[in-house]
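Q: Encoded as structure tokens, here's the structure I'll be asking about.
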Amino acid sequence: MIVQKYKDMLQGKSVIRQLSEFATQRGKEIGYENVFDYSLGNPSVPVPQAFTDTMIRMLQEKNPMELHGYSQSLGIPSVREKVAASLNERFGMHYTGNHIFMTTGAAGAIAHAVRCVAEPGDEVLTFAPYFPEYAPYINLTGAVLKVVPADTESFQINFEAFEQMLTDKVAAVLINTPNNPSGMVYSTQTIQEMARIMREKEEQYGHDIFLISDEPYREIVFAGVDAPYPSRFYDNTLSCYSFSKSLSLPGERIGYVAVNPACTDADIISVMCSQISRGTGHNCPPSIIQLAVSEVLDLTADLSVYETNMNILYKELMNLGFECVKPGGTFYIFPRALEEDAVAFSEKAKKYDLILVPSDSFGVKGYFRLAYCIDTEKVERSLEAFRKFVKAEY
54 MIVQKYKDML QGKSVIRQLS EFATQRGKEI GYENVFDYSL GNPSVPVPQA FTDTMIRMLQ
114 EKNPMELHGY SQSLGIPSVR EKVAASLNER FGMHYTGNHI FMTTGAAGAI AHAVRCVAEP
174 GDEVLTFAPY FPEYAPYINL TGAVLKVVPA DTESFQINFE AFEQMLTDKV AAVLINTPNN
234 PSGMVYSTQT IQEMARIMRE KEEQYGHDIF LISDEPYREI VFAGVDAPYP SRFYDNTLSC
294 YSFSKSLSLP GERIGYVAVN PACTDADIIS VMCSQISRGT GHNCPPSIIQ LAVSEVLDLT
354 ADLSVYETNM NILYKELMNL GFECVKPGGT FYIFPRALEE DAVAFSEKAK KYDLILVPSD
414 SFGVKGYFRL AYCIDTEKVE RSLEAFRKFV KAEY
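Each residue of the sequence shown is one higher than the last, beginning at 54 in our numbering.
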């Protein structure tokens with residue numbers, strides 16, 4: 054007999070994926086260049102040439118078994134050491150290779166981090182708006198995801214609600230900064246206040262409360278924005294990273310968990326992750342990609358296009374009468390819809406070949422998300438479609 058809960062999940066297909074599929078089908082009818090598809094957060098800028106050159110050189114020069122054989126279950130030791138050294142230099146941390154566990158992207162990192170610190174039945178808090186896949190990431194471990202309502206004035210943290218929900222059942226708090234979908238970056242003041250509250254609750258309840266920091270957009274921060282490294286402010290932090298956005302490598306599925314050396318059981322959490330892999334089938338991300346990213350750790354793709362696209366969209370949306378907190382990073386913007394029903398709003402937008410994601414699945418009603426990781430030329434052409442949409446419908 055098949056497992057019913059996974060069968061039931063077939064009825065809850067990702068809204069983002071559904072809209073992406075609609076855009077693809079519409080593109081077959083009118084040409085995809087004429088569909089303004091803001092649905093899917095798929096990086097649009099090329100990988101750094103240095104990464105490509107590294108791959109070519111390794112394929113030409115290195116032993117095939119080194120490139121294509123299994124890595125150790127925690128990841129290749131030299132790669133882990135280089136990741137630790139890079140983080141230490143950039144953020145003033147004290148990682149060693151023993152604090153790094155290589156994963157299949159940030160999703161794989163979160164899957165391991167949660168299982169390290171939350172038992173079945175424990176609660177994990179996150180903050181709206183949040184990435185919808187957090188629900189299966191957390192709930193399918195046996196832990197229970199609880200969502201703190203949004204502070205829609207700033208899309209920082211709703212601290213009053215957070216303190217009320219941070220009960221003794223909470224094993225971990227999951228944050229995402231820079232944030233998908235809002236594009237906001239938690240300020241140093243926000244991170245410090247969150248850490249203060251969590252330390253107080255740890256002392257009150259007599260048990261650890263871990264911070265799981267989901268950081269795939271860490272490098273996409275706009276000019277002048279305060280973007281603190283959360284692990285510097287709270288000892289019990291597990292940092293979950295992906296190279297998908299910084300290097301435009303989402304299909305390569307490579308990331309890591311970085312265990313704060315000051316956290317409880319810091320010296321064994323990476324080893325615990327390797328045991329978790331035995332039960333999840335994760336086992337060893339690709340060796341060749343581990344080795345390649347370790348050669349370009351401090352490089353990024355040309356991420357400046359995202360700030361360019363954001364500024365174009367933000368200016369036009371403001372001119373059209375939308376309300377929006379200006380993003381501080383990522384490649385997402387999260388305006389308030391022009392009616393209360395964001396689903397209805399997004400359906401109307403389809404008539405103008407604008408593919409916008411309603412906010413309901415992000416834990417906030419009445420907003421919509423644009424993933425502007427598309428060519429700037431296409432962003433500019435989409436502005437007339439927005440003007441027609443707003444004039445005709447609102």
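In this text, a Cβ means the ideal position worked out from N, Cα and C, and glycines have one as well.
Within the continuous alpha helix (DSSP H) that includes residue 429, where are the two ends?
A: In the sequence shown, counting from the first residue as 1, residue 429 sits at position 376. It spans 429-446 - the alpha helix (DSSP H) in which residue 429 sits, taken as one unbroken run.
Q: Put residue 229 into one of helix, strand or coil per three-state DSSP.
A: If you number the sequence shown from 1, residue 229 lands on position 176. DSSP places residue 229 in strand when its eight states are reduced to three.
Q: By the 10 Å Cβ neighbour count, where 16 or more other Cβ atoms means buried, how is residue 54 classified, buried or exposed?
A: The residue labelled residue 54 in the question sits at position 1 within the sequence shown. Residue 54 should be labelled exposed.
Q: Would you kindly work out how many angstroms separate the C-alpha atoms of residue 271 and residue 159, rounded to a whole number?
A: Sequence index remark: in the sequence shown, residue 271 carries index 218 (1-based). Sequence index remark: in the sequence shown, residue 159 carries index 106 (1-based). Cα-Cα distance, rounded: 12 Å.
Q: To the nearest angstrom, how far is it from the Cα of residue 314 to the Cα of residue 228?
A: Residue numbering aside, residue 314 sits at position 261 when the sequence shown is read from its first letter. Residue numbering aside, residue 228 sits at position 175 when the sequence shown is read from its first letter. If you take the alpha carbons of residue 314 and residue 228, they lie about 19 Å apart.
Q: Just curious, the beta strand (DSSP E) that residue 422 is in, first and last residue?
A: As a working note, residue 422 is residue 369 in the sequence shown. 421-424 is the span of the beta strand (DSSP E), which, as asked, contains residue 422.
Q: Select from 98, 439, 231 and 121 the residue whose C-alpha is nearest the C-alpha of residue 266.
A: The residue you call residue 266 lines up with position 213 of the sequence shown. Answer by Cα proximity: 231.
Q: Distance check for residue 189 and residue 63, CA to CA, integer angstroms please.
A: As a first step, residue 63 must be located in the sequence shown, where it is residue number 10. As a first step, residue 189 must be located in the sequence shown, where it is residue number 136. Going by the C-alpha atoms only, they are around 12 Å apart.
Q: Identify which residue in 290, 331, 372 and 310 has its Cα closest to the Cα of residue 226.
A: The residue labelled residue 226 in the question sits at position 173 within the sequence shown. Answer by Cα proximity: 290.
Q: Can you check DSSP and say which residues form a bridge with residue 383?
A: As a first step, residue 383 is located in the sequence shown; it is residue number 330 there, counting from the start. Answer is none; residue 383 lacks a bridge partner.
Q: For residue 118, which option in 395, 402, 369 and 339 has the closest C-alpha, if you only look at C-alpha atoms?
A: For this step, residue 118 is matched to residue 65 along the sequence shown. For residue 118, the nearest C-alpha among the options comes from 339.
Q: If you draw a straight line from the alpha carbon of residue 234 to that of residue 348, how long is it in whole angstroms?
A: Indexing the sequence shown from 1 puts residue 234 at position 181. Indexing the sequence shown from 1 puts residue 348 at position 295. In a straight line, the C-alpha of residue 234 is about 31 Å away from that of residue 348.
Q: Is residue 1 buried or exposed, if buried means 16 or more other CB atoms sit within 10 Å of its CB?
A: Only positions 54 to 447 of the chain appear in the structure, and residue 1 is not among them; the question remains open.
Q: Is it true that the segment 351-371 meets the segment 88-106, where meeting means three or more beta-carbon pairs spaced less than 8 Å apart?
A: The answer is yes - the segment 88-106 touches the segment 351-371, with three or more Cβ pairs under 8 Å.
Q: Taking the DSSP output, what are the residues bridged to residue 200?
A: Here the question's residue 200 lines up with position 147 in the sequence shown. Paired residue(s): 179.
Q: Take residue 166 and list the residues in its own chain whose beta-carbon comes closer than 7 Å to its own, dropping the five residues that flank it on each side.
A: Taking the first residue of the sequence shown as position 1, residue 166 is located at position 113. For residue 166, where only same-chain residues beyond five positions count, the Cβ hits under 7 Å are 265, 291, 293 and 310.
Q: List the residues that DSSP assigns as beta-bridge partners of residue 308.
A: For the purposes of this step, residue 308 is taken as residue 255 along the sequence shown, with counting starting at 1. DSSP, once it has assigned bridges, lists 156 and 295 as partnering residue 308.
Q: Taking only runs of the beta strand (DSSP E) that begin and end inside the segment 336-390, which ones reach a length of at least 3 residues, in chain order?
A: Listed in chain order, there is nothing to give.
Q: Thinking C-alpha only, which one of 157, 204, 411 and 380 is nearest residue 393?
A: Your numbering for residue 393 matches position 340 in the sequence shown. The shortest C-alpha separation from residue 393 is found at 411.
Q: Considering only residues of the same chain and omitting the five flanking positions on each side of residue 342, which have a CB-CB separation below 6 Å?
A: On the sequence shown, residue 342 is found 289 positions in, with the first residue counted as 1. 305 and 307, listed in sequence order.
Q: Excluding five sequence neighbours on each side, which residues of the same chain lie with their C-beta closer than 6 Å to the C-beta of residue 422?
A: Your numbering for residue 422 matches position 369 in the sequence shown. Around residue 422: 234, 385, 387 and 410.
Q: Name the DSSP beta bridge partners of residue 109, please?
A: What you label residue 109 is simply residue 56 of the sequence shown in a count that begins at 1. None, per the DSSP bridge assignment.
Q: What's the call for residue 446, buried or exposed, on a 16-neighbour Cβ count within 10 Å?
A: By 1-based counting over the sequence shown, the position of residue 446 is 393. Under this definition residue 446 is an exposed residue.
Q: Say whether the segment 198-213 touches the segment 254-264, bearing in mind that this needs 3 or more beta-carbon pairs closer than 8 Å, one atom from each stretch.
A: Too few Cβ pairs lie closer than 8 Å, so no.
Q: Determine whether the beta carbon atoms of residue 383 and residue 300 lie at a separation below 8 Å.
A: In the sequence shown, counting from the first residue as 1, residue 383 sits at position 330. In the sequence shown, counting from the first residue as 1, residue 300 sits at position 247. In this structure, residue 300 does not lie closer than 8 Å to residue 383 by Cβ.
Q: From the DSSP secondary-structure annotation, give me the bridge partner or partners of residue 89.
A: Position 36 of the sequence shown holds residue 89. DSSP output for residue 89 lists 407 as bridge partner(s).
Q: Buried or exposed for residue 381, please, with buried defined as at least 16 other CB atoms from any protein chain shown within 10 angstroms of its CB.
A: Walking along the sequence shown from the start, residue 381 turns up at place 328. It counts as buried.
Q: In chain order, what residues of the same chain lie with their CB nearer than 8 Å to the CB of residue 373, ignoring the 5 residues before and after it?
A: Numbered from its first residue, the sequence shown carries residue 373 at position 320. Counting only Cβ-Cβ distances below 8 Å, and skipping sequence neighbours, we find 439, 440 and 443.
Q: Relative to the C-alpha of residue 173, which candidate in 370, 391, 413 and 223 has its C-alpha closest?
A: Position 120 of the sequence shown, counted from the start, is the residue given in the question as residue 173. Looking at the Cα atoms, 223 is the closest of the given residues.
Q: Can the beta-carbon of residue 244 be found closer than 8 Å to that of residue 281?
A: In the sequence shown, the residue the question calls residue 244 occupies position 191. In the sequence shown, the residue the question calls residue 281 occupies position 228. Result yes, Cβ atoms of residue 244 and residue 281 sit closer than 8 Å.
Q: Would you say residue 337 and residue 148 are within 8 Å of each other, going by their C-beta atoms?
A: Along the sequence shown, read from residue 1 onward, the residue named residue 337 stands at position 284. Along the sequence shown, read from residue 1 onward, the residue named residue 148 stands at position 95. No, they are not a contact pair.
Q: Taking all protein chains shown into account, decide if residue 251 is buried (16 or more other Cβ within 10 angstroms of its Cβ) or exposed.
A: Indexing the sequence shown from 1 puts residue 251 at position 198. Counting Cβ neighbours within 10 Å, residue 251 comes out buried, since at least 16 surround it.
Q: Work out the CA separation of residue 73 and residue 434 for me, nearest whole Å.
A: Here residue 434 refers to the residue found at position 381 when the sequence shown is read from its first residue. Here residue 73 refers to the residue found at position 20 when the sequence shown is read from its first residue. The alpha-carbon atoms of residue 434 and residue 73 are separated by roughly 19 Å.
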